[in-house]
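Enquirer: Numbers given in the working numbering equal positions in the sequence shown, counted from 1, plus 27. My questions all concern the structure below.
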Amino acid sequence: MQVVGSSKPVSAGPFKRTAHLLVSWRLLRLAAPAYIALMLAVWGVLFYLWFGGTNGRDRSGVVLGPDFPAFYTGGLLVRQGSAQELYDLEQQRALQHLFVSSKTLSAYVNPPHYAFVAIPFSMLPYGAAFLVWSACMVSAFVASISLLRSILPALRGSSGSLLCALALLAAPVYYALSAGQNTGLSLLLHSGILLALAQRRDGLAGLLIALGLFKPQLFVVLLPLLLLGKHWRALASFSIAALLLGGLTLWFWGWAAVHDWVAVLRSPLYQSEEVRQASKMFSWQPLWLLVFGQGLLANMLGWTCAAAVFVGLGWIWWRGTGELPLRYAITLLGMIVIGPHLPVYDLALLILPGLVLIDRLLRWPAHEWVELRVSLLAVYVLTLFAANAELQASLVLVPCITLLGCLATHLLLAARRVPAR
28 MQVVGSSKPV SAGPFKRTAH LLVSWRLLRL AAPAYIALML AVWGVLFYLW
78 FGGTNGRDRS GVVLGPDFPA FYTGGLLVRQ GSAQELYDLE QQRALQHLFV
128 SSKTLSAYVN PPHYAFVAIP FSMLPYGAAF LVWSACMVSA FVASISLLRS
178 ILPALRGSSG SLLCALALLA APVYYALSAG QNTGLSLLLH SGILLALAQR
228 RDGLAGLLIA LGLFKPQLFV VLLPLLLLGK HWRALASFSI AALLLGGLTL
278 WFWGWAAVHD WVAVLRSPLY QSEEVRQASK MFSWQPLWLL VFGQGLLANM
328 LGWTCAAAVF VGLGWIWWRG TGELPLRYAI TLLGMIVIGP HLPVYDLALL
378 ILPGLVLIDR LLRWPAHEWV ELRVSLLAVY VLTLFAANAE LQASLVLVPC
428 ITLLGCLATH LLLAARRVPA R
């Protein structure tokens, strides 16, 4: 093996040799088909449970998409002319009891304008709406990978196709679809933003960021970074689109809806739910909350770690370091550990940085980067256990994602010194 930037070979110790074997392409090609077959069987069981249920529940009696009732309720309230009650939790609970007969509330807490997206789905019976939504999200995941392959040349070969299949069958994709979540849409928007920036279509990138405001925590961090990178057209486009969305919200709902939305996010019910689900969150703030409990120390450590990551991202964008896909991959890794609310299903966003890093490794075979490969494999495997709250996987996964970002940054800086072959 060689050290990047050096032509002198160095001997590999037992750990290095074991690591090389663990992440070798030959072993991956042998193990991947078995894993794919296993995951397809898991998906098959899920689909079997979905089809054949009644009253918004699957064959086993579980609500189809436990998080989907919130989205469906938002569309239903607007369509029925009760838009002013969008954030009335008791009204939401009563309405959900009619179509899923559940005592557990799945609260609509997205921005008001996102309820417009739900209106077409609310015209269908709940079960049919969930299946159509799931088909849309599967299409969004597939389209995201297709967009990424268009700018990542090493993923267009047979090895790349195998790795893309593994990405599509990653555990967080399963978590997102089974929960009825919109992570596929978030990934599609991020893939579109990366593609637009790579093609110098900054205006389109800004528009896509504005469309991502249904989950602000996953997109707004891009704005100061684009400012540091002097992407003026993207910022102008975002501003216009955001003003239009804001104007539409105020025209349809008025300031009361914005006030009610903020009030729900600050309500004791929502805050207690955030604390209760800390073990299911995967960013620095919930991690310190798990370690030290509620209090000043956990908050200070969380914000300090988030600030340190953001400063690093800001430096990368200010310097314009390295090729854009790799820079964006590092940015998304950073955004994942910065956000205070990053549930297990949103870990599917790791598909973008994962595929970008794999493309770079495939195109740079002269430098094996075994540490980066091991980190990628560790993050992928850890996500398999991320949904198990008892394991508290965030205690391991969050540092692993941060390490992956640091290694990717090292790769980004090394790319300036050593030309790719």
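Built from N, CA and C at the ideal position, the CB exists for glycine as well. Everything numeric in this text was worked out from a predicted model, so none of it was measured.
Would you please state the rounded distance, in angstroms, between the beta carbons of G239 and L245? I believe it to be under 8 Å.
Expert: In the sequence shown, the residue the question calls residue 239 occupies position 212. In the sequence shown, the residue the question calls residue 245 occupies position 218. Correct: roughly 6 Å between the Cβ atoms.
Enquirer: Do you know how far the Cα of F95 is from the Cα of A435?
Expert: Working through the sequence shown from its first residue, we reach residue 435 at position 408. Working through the sequence shown from its first residue, we reach residue 95 at position 68. If you take the alpha carbons of A435 and F95, they lie about 35 Å apart.
Enquirer: Flag this pair as yes or no: are the beta carbons of V291 and V136 separated by less than 8 Å?
Expert: The residue given as residue 291 occupies position 264 in the sequence shown. The residue given as residue 136 occupies position 109 in the sequence shown. Result yes, Cβ atoms of V291 and V136 sit closer than 8 Å.
Enquirer: Are any of the Cβ atoms in chain D nearer than 8 Å to that of L125?
Expert: Of the chains in the structure shown, none is chain D; there is only one protein chain.
Enquirer: Go ahead and label Q208 buried or exposed: buried means 16 or more other beta carbons lie within 10 angstroms of its beta carbon, across all protein chains shown.
Expert: Against the sequence shown, residue 208 aligns to sequence position 181. Buried is the call here.
Enquirer: State the beta-bridge partners of M308 as determined by DSSP.
Expert: Within the sequence shown, numbered from 1, the residue matching residue 308 stands at position 281. According to DSSP, which records beta bridges pairwise, M308 is partnered with P370.
Enquirer: To which residues of the same chain is I385 closer than 6 Å at the C-beta, ignoring the five residues directly before and after it?
Expert: As a position in the sequence shown, residue 385 is number 358, starting the count at 1. These residues qualify, in order along the chain: L190.
Enquirer: How long is the line joining the alpha carbons of A142 and G101, rounded to whole angstroms?
Expert: On the sequence shown, position 115 is the one that residue 142 refers to. On the sequence shown, position 74 is the one that residue 101 refers to. When rounded, the distance between both Cα atoms is 5 Å.
Enquirer: Answer with buried or exposed for H217, where buried requires no fewer than 16 other C-beta atoms within 10 angstroms of its C-beta.
Expert: Mapped onto the sequence shown, residue 217 falls at position 190. That one is buried.
Enquirer: With a threshold of 16 other CB atoms inside 10 Å of the CB of V408, please say whether the residue is buried or exposed.
Expert: As a first step, residue 408 is located in the sequence shown; it is residue number 381 there, counting from the start. Exposed, by the Cβ-count rule.
Enquirer: Taking the alpha-carbon of F241 as reference, which of G322, P138, L104, N415 has the nearest alpha-carbon?
Expert: One-based indexing of the sequence shown puts residue 241 at position 214. For F241, the nearest C-alpha among the options comes from P138.
Enquirer: Kindly indicate which residue of P147, G88, L104 has the alpha-carbon position closest to the one of S129.
Expert: Here residue 129 corresponds to residue number 102 of the sequence shown, with the count starting at 1. Checked all of P147, G88, L104; the closest Cα to S129 is G88.
Enquirer: Report yes or no: do the segment 418-435 and the segment 305-314 share at least 3 C-beta pairs separated by less than 8 Å?
Expert: Yes, since at least three Cβ pairs between the segment 418-435 and the segment 305-314 fall closer than 8 Å, the two stretches touch.
Enquirer: A58: buried (16+ other C-beta within 10 angstroms of its C-beta) or exposed?
Expert: Start at 1 with the first residue of the sequence shown, and residue 58 comes out as number 31. With fewer than 16 Cβ atoms within 10 Å of its Cβ, A58 is classed as exposed.
Enquirer: Does the segment 189-203 touch the segment 63-81, meaning 3 or more C-beta pairs lie closer than 8 Å?
Expert: Touching, per the Cβ criterion.
Enquirer: Here's a check: name, in chain order, each residue in its chain whose Cβ is nearer than 6 Å to the Cβ of F78, leaving out the five neighbours to either side.
Expert: Against the sequence shown, residue 78 aligns to sequence position 51. Within the same chain, F78 has no close Cβ partners at all.
Enquirer: Using C-beta distances below 6 Å, list every residue in its chain close to L212, excluding the 5 sequence neighbours before and after it, in chain order.
Expert: Taking the sequence shown and counting its residues from 1, one reaches residue 212 at position 185. Excluding residues within five positions, the ones whose Cβ falls inside 6 Å are A167.
Enquirer: Counting pairs of beta carbons, one from the segment 273-285 and one from the segment 328-335, are three or more of them closer than 8 Å?
Expert: As far as the Cβ criterion goes, the segment 273-285 does not touch the segment 328-335, which means the pair count is below three.
Enquirer: Going by DSSP in three states, A393 sits in which element: helix, strand or coil?
Expert: By one-based count along the sequence shown, residue 393 stands at place 366. The predicted model places A393 with a pLDDT of 49, which falls under 50 and marks its position as unreliable, so this point remains unresolved.
Enquirer: Specify the secondary structure class of V90 as computed by DSSP and reduced to three states.
Expert: Counting from one through the sequence shown, the residue named residue 90 turns up at place 63. Note: V90 maps to strand in three-state DSSP.
Enquirer: What ranges does the alpha helix (DSSP H) occupy inside the segment 133-215, keeping only unbroken runs of at least 4 residues that lie completely in it?
Expert: As far as the segment 133-215 is concerned, its whole alpha helix (DSSP H) runs of at least 4 residues are 142-149, 153-178, 185-195, 198-206.
Enquirer: Are there 16 or more other CB atoms within 10 angstroms of the CB of F148, so buried, or fewer, so exposed?
Expert: Translated into positions along the sequence shown, residue 148 becomes position 121. Classification for F148: buried.
Enquirer: Taking C-beta to C-beta, are I378 and A194 nearer than 8 Å?
Expert: By one-based count along the sequence shown, residue 378 stands at place 351. By one-based count along the sequence shown, residue 194 stands at place 167. The answer is yes: Cβ separation under 8 Å.
Enquirer: In three-state DSSP terms, what is R293?
Expert: Walking along the sequence shown from the start, residue 293 turns up at place 266. Coil at R293, not helix or strand.
Enquirer: Rounded to whole angstroms, what's the CA-CA distance from Y153 to V144? Just pull it up for me.
Expert: Residue numbering aside, residue 153 sits at position 126 when the sequence shown is read from its first letter. Residue numbering aside, residue 144 sits at position 117 when the sequence shown is read from its first letter. Cα-Cα distance, rounded: 15 Å.
Enquirer: Cα-Cα, which of G322, A225, A414 is closest to L369?
Expert: The residue you call residue 369 lines up with position 342 of the sequence shown. Of the listed residues, the one whose Cα sits closest to L369 is A414.
Enquirer: Please name the residue, chosen from V401, V289, W280, W391, that lies closest to L182 on a Cα-to-Cα basis.
Expert: Counting from 1 along the sequence shown, the entry for residue 182 is found at position 155. If we check each option's Cα against that of L182, W391 comes out closest.
Enquirer: Identify every run of the alpha helix (DSSP H) within the segment 213-286, keeping only runs that are complete inside it and at least 4 residues long; order them along the chain.
Expert: With a minimum length of 4 residues, the continuous alpha helix (DSSP H) runs that stay inside the segment 213-286 are 229-238, 249-255, 259-279.
Enquirer: Since S306 contacts S421 with CB under 8 Å, what's their CB separation in whole angstroms?
Expert: Along the sequence shown, one-based indexing puts residue 306 at 279. Along the sequence shown, one-based indexing puts residue 421 at 394. Contact holds; Cβ gap of about 7 Å.
Enquirer: Look at the Cβ atom of L431, then the Cβ atom of L389, and state whether they are nearer than 8 Å.
Expert: The sequence position of residue 431 within the sequence shown is 404, counting from 1. The sequence position of residue 389 within the sequence shown is 362, counting from 1. No. Outside cutoff.
Enquirer: Within the continuous alpha helix (DSSP H) that includes L340, where are the two ends?
Expert: One-based indexing of the sequence shown puts residue 340 at position 313. Start and end: 323-346.
Enquirer: Can you give me the C-alpha to C-alpha distance between L340 and R354, rounded to a whole angstrom?
Expert: Along the sequence shown, one-based indexing puts residue 340 at 313. Along the sequence shown, one-based indexing puts residue 354 at 327. Using only the alpha carbons, I get a separation of about 9 Å.
Enquirer: Could you pull out every residue in the same chain whose Cβ sits closer than 8 Å to the Cβ of L266, ignoring the five residues on either side in sequence?
Expert: Your numbering for residue 266 matches position 239 in the sequence shown. The question names Leu, but residue 266 is Ser in the sequence shown. G233.
Enquirer: Leaving aside the five residues before and after L374 along the sequence, list all residues of the same chain whose C-beta is less than 7 Å from its C-beta, in chain order.
Expert: Here residue 374 corresponds to residue number 347 of the sequence shown, with the count starting at 1. Answer for L374: P199, F309, T410, A413, listed in chain order.
Enquirer: Any idea which residues DSSP pairs R84 with across the strands?
Expert: Position 57 of the sequence shown, counted from the start, is the residue given in the question as residue 84. For R84, which the question treats as bridged, DSSP gives the partners V90.
Enquirer: Given that a residue counts as buried once 16 or more other Cβ atoms are within 10 Å of its Cβ, and exposed if not, what is P352?
Expert: Taking the sequence shown and counting its residues from 1, the one referred to as residue 352 is at position 325. It is buried - the Cβ of P352 has at least 16 other Cβ atoms within 10 Å.
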